[in-house]
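Scroll down for the structure; my scribbles are underneath it.
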Amino acid sequence: MTKAPLHTLKGVGYLMSTVSVILLAIVSWKSASESPLLMGCLLVGAVASIAGMVCRWLTYEIEKRREEK
Numbered sequence: 261m262t263k264a265p266l267h268t269l270k271g272v273g274y275l276m277s278t279v280s281v282i283l284l285a286i287v288s289w290k291s292a293s294e295s296p297l298l299m300g301c302l303l304v305g306a307v308a309s310i311a312g313m314v315c316r317w318l319t320y321e322i323e324k325r326r327e328e329k
């Protein structure tokens, strides 16, 4: 596999992980809404997970651009 398809596969993987976090948050929303603490944990956890995936994806983008130079 060349670098371009591998890079695309990484991006698709992070996108799928992001979608799965959102779906899990939706499923948990009803029971978490009964407690402000649980709601806060759910929201912070989902945002932190997605932000972490975005950071990892950005590192791959930066590495790819450096290799192209």
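Mapping the sequence shown onto the working numbering, position 35 (from 1) lands on 295, and the numbers just tick up by one. Glycine included, C-beta positions come from ideal geometry on N, C-alpha and C.
Quick check: the Cα distance between Ser-295 and Gly-305, rounded to an integer number of angstroms? 15 Å
Does the stretch 303–317 come within contact of the stretch 262–279, defined as at least 3 CB pairs closer than 8 Å? yes
Looking at the structure shown, is Ser-280 part of a helix, part of a strand, or coil, going by DSSP? helix
CB-CB under 8 Å to Cys-301, same chain, minus the five flanking residues each way: which ones, in chain order? Ala-292
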